[in-house]
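S.K.: In the working numbering, the protein residues as written are 659 to 1110.
Glycine included, each C-beta is placed from N, C-alpha and C at the ideal position.
Take this structure first; my questions come after.
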Ligand SMILES: *Cc1c(COP(=O)(O)O)cnc(C)c1O
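Below you can see the structure in the form of structure tokens.
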């Protein structure tokens, strides 16, 4: 499979698309043509496979021809997938005919672990692309993405990770998940806003000298590797349904912010996912539901809600969904959308808790949307994107309950924070990162032991 920018241009290999992140024309990469669609017995055989084997098969269809060209050795993709998807993803029935697929049992308790771990595994295959020097993943975060990226590359000798976050503006849990790792992960607490952090990262990438000296790599959320990694779990949702539910039309609700997750669902559909409709569920940031209801596409500043990872007014992946709609018009008819208010979100958390299920605010937006969008006879599945323990204050306020801390999070509480403060200043940042990379080189030389 080759990949092409949403804005046209030449087809490139998967390796190139991953390496570039953003296409040179500013567009986002998508498969250049839809993959062959599995139907009938072939689809049943696919659904019968265990999750990891099925993921290898599906991702093989998406990046497969690289095997033929030698860019991807036989078995290499399987090794990457096996290591990346090494945690469970249970399907839980929360009410008759209503299920949630829990995608939050990875190391940072949110579904972003799927994309970050697959991307890390791909970039670190063959010792980081054959370079003698480790590469440096540099990223800014407002919370979840940084934690997922830091964990995904942690203890990989091929990589060093630098995460910038705005001081005092991420949650205590989010900070602990990244800033207690140490080793090859440097967390920098910037005296500024998230936008300042992003501007600093951008300034580093703009310097050719730094890009080369540090072997800078972006683990950007628009990277096509992160997108493809989200295709296989859609099939798991279907594969795990009880037989009685499998015979009925399926509505799959996707809590959405930047719309990468829904874009992956549409790719899954092209591969044969048996689904009647997708429910695009947003919080009060209603850019997409308003557009799909017939309005103009009108990106806008975001508004803050309790499902903060979905507070997006100008979704970066909408360009991908638009391109998919244009090339495969049938897809648009499959998408229903709705915006869920803050009051509905909290009421949904309370109602779910009364019937025995603690949902985080993002998953609750999906559950509320499912209720609004579902038609007679449909089975509903919500993609549960984060663990409720990541949002103890909202859960307490909405349900009166305390969430037990999962082990992954509890373990971070006993470890010291190792974040370093840095001024909101380019020269200070470069000096801090440069000094740390030199320390790293002395403490833990790269795979081939070469000096930086
Ligand atoms: C990122 C995120 C989302 C939104 O996913 P998109 O792919 O950006 O639509 C939803 N829930 C949680 C918990 C997230 O971290």
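#1: For residue 1076, which of 976, 839, 916 and 889 has the nearest alpha-carbon?
#2: Just the Cα atoms here: how many angstroms apart are residue 790 and residue 817?
#3: Just verifying my parser: in three-state terms, what is the DSSP assignment at residue 906?
#4: Take every Cβ of the segment 914 to 930, pair it with every Cβ of the segment 795 to 811, and state whether three or more of those distances are shorter than 8 Å.
#5: From residue 906 to residue 750, what does the alpha carbon distance come to, in whole angstroms?
#6: In angstroms with no decimal places, state the Cα-to-Cα distance between residue 726 and residue 873.
#7: Any heavy atom of ligand 1 closer than 8 Å to the beta-carbon of residue 722?
#8: Which same chain residues, not among the five before or five after residue 756, have their C-beta less than 6 Å away from its C-beta?
#9: Please work out which residues of its chain come closer than 6 Å, Cβ to Cβ, to residue 994, disregarding the five sequence neighbours upstream and downstream, and give them in chain order.
#10: Evaluate residue 1043 with the Cβ neighbour count: other Cβ atoms within 10 Å of its Cβ, from every protein chain shown; 16 or more gives buried, anything less gives exposed.
#11: I'd like the list of long-range same chain contacts for residue 748, defined as Cβ closer than 7 Å, with 5 residues on each side in sequence excluded.
#12: Per the contact definition of three or more C-beta pairs closer than 8 Å, is the segment 1019 to 1027 in contact with the segment 988 to 1003?
#13: Could you check if residue 770 is buried or exposed, using at least 16 other CB atoms within 10 Å of its CB as the buried criterion?
#14: Enumerate in chain order the residues of its own chain whose CB-to-CB distance from residue 857 is below 8 Å, with the five nearest sequence positions on each side excluded.
#15: Spatial neighbours of residue 859 within its chain, please: CB distance less than 8 Å, with the 5 preceding and 5 following residues excluded, ordered by chain position.
#16: List the whole-angstrom C-beta distance separating residue 1024 from residue 1040, where the pair is believed to meet the contact cut-off of C-beta under 8 Å.
#17: What are the residues that DSSP puts in a beta bridge with residue 751?
#18: CA-CA distance, residue 985 and residue 690?
#19: Tell me which same chain residues have a C-beta within less than 8 Å of the C-beta of residue 666, skipping the five on either side of it?
#20: Excluding the five sequence neighbours on either side, which residues of its own chain have a C-beta within less than 6 Å of the C-beta of residue 910, listed in chain order?
#21: Name the two residues that bound the continuous alpha helix (DSSP H) containing residue 918.
#22: Less than 8 Å separating the Cβ of residue 920 from some heavy atom of ligand 3?
#23: Confirm the yes/no value for this check: CB of residue 890, any heavy atom of ligand 1, distance under 8 Å.
#24: Name the DSSP beta bridge partners of residue 995, please?
#25: Could you give the DSSP three-state label for residue 1028: helix, strand or coil?
#26: Classify residue 670 as helix, strand or coil using the three-state DSSP reduction.
#27: Decide if residue 1051 is buried, meaning its Cβ has at least 16 other Cβ atoms within 10 Å, or exposed.
M.R.: Reading from the atomic positions:
#1: Taking the first residue of the chain shown as position 1, residue 1076 is located at position 418. Answer by Cα proximity: 839.
#2: Numbered from 1 along the chain shown, position 132 holds the residue referred to as residue 790. Numbered from 1 along the chain shown, position 159 holds the residue referred to as residue 817. The alpha-carbon atoms of residue 790 and residue 817 are separated by roughly 11 Å.
#3: Your numbering for residue 906 matches position 248 in the chain shown. In this structure, residue 906 counts as coil in the three-state DSSP scheme.
#4: no
#5: In the chain shown, the residue the question calls residue 906 occupies position 248. In the chain shown, the residue the question calls residue 750 occupies position 92. Computed Cα separation, rounded: 17 Å.
#6: On the chain shown, residue 726 is found 68 positions in, with the first residue counted as 1. On the chain shown, residue 873 is found 215 positions in, with the first residue counted as 1. In this prediction, residue 726 scores a pLDDT of 47, lower than 50, which makes its location untrustworthy; no coordinate-derived value is stated.
#7: Position 64 of the chain shown, counting from 1, holds the residue named residue 722. Answer for residue 722: no, Cβ out of range of ligand 1.
#8: Numbered from 1 along the chain shown, position 98 holds the residue referred to as residue 756. Correct list, in chain order: 1038.
#9: For the purposes of this step, residue 994 is identified with residue 336 of the chain shown, where counting begins at 1. Hits under 6 Å: 935, 937 and 1031.
#10: Here residue 1043 is taken as the residue at index 385 of the chain shown, counted from 1. So residue 1043 counts as buried.
#11: In the chain shown, the residue the question calls residue 748 occupies position 90. 760.
#12: yes
#13: Numbered from its first residue, the chain shown carries residue 770 at position 112. It counts as buried.
#14: Here the question's residue 857 lines up with position 199 in the chain shown. Take residue 857, set aside five residues on each side of it, and no residue of its chain has a beta-carbon closer than 8 Å to its own.
#15: Position 201 of the chain shown, counted from the start, is the residue given in the question as residue 859. Short of 8 Å from the beta carbon of residue 859, and not among the five residues preceding or following it, lie these beta carbons of its own chain, in chain order: 796, 797, 798 and 822.
#16: The residue given as residue 1024 occupies position 366 in the chain shown. The residue given as residue 1040 occupies position 382 in the chain shown. At roughly 4 Å, the Cβ-Cβ gap stays under 8 Å, so residue 1024 and residue 1040 are in contact.
#17: If you number the chain shown from 1, residue 751 lands on position 93. Note: residue 751 sits in a beta bridge opposite 757.
#18: As a first step, residue 985 must be located in the chain shown, where it is residue number 327. As a first step, residue 690 must be located in the chain shown, where it is residue number 32. Their backbone Cα atoms lie some 10 Å apart in a straight line.
#19: Here residue 666 is taken as the residue at index 8 of the chain shown, counted from 1. Closer than 8 Å at Cβ, skipping near neighbours: 683 and 685.
#20: Locating residue 910 in the chain shown gives position 252, where the first residue counts as 1. If we look at residue 910 and ignore the five residues flanking it on each side, its Cβ neighbours are 933, 936 and 1039.
#21: Within the chain shown, numbered from 1, the residue matching residue 918 stands at position 260. From DSSP, the alpha helix (DSSP H) with residue 918 extends over 918 to 928.
#22: Absence of ligand 3 is noted for the structure shown, with ligand 1 being the only ligands found.
#23: Looking up residue 890 in the chain shown gives position 232. No, Cβ of residue 890 sits at least 8 Å from all heavy atoms of ligand 1.
#24: By one-based count along the chain shown, residue 995 stands at place 337. BP columns for residue 995 point to 938.
#25: Reading the chain shown from its first residue, position 370 is the one you call residue 1028. Residue 1028 sits in a helix when the DSSP states are folded into three classes.
#26: What you label residue 670 is simply residue 12 of the chain shown in a count that begins at 1. Three-state DSSP puts residue 670 in a strand.
#27: For the purposes of this step, residue 1051 is taken as the residue at position 393 of the chain shown. Result: exposed.
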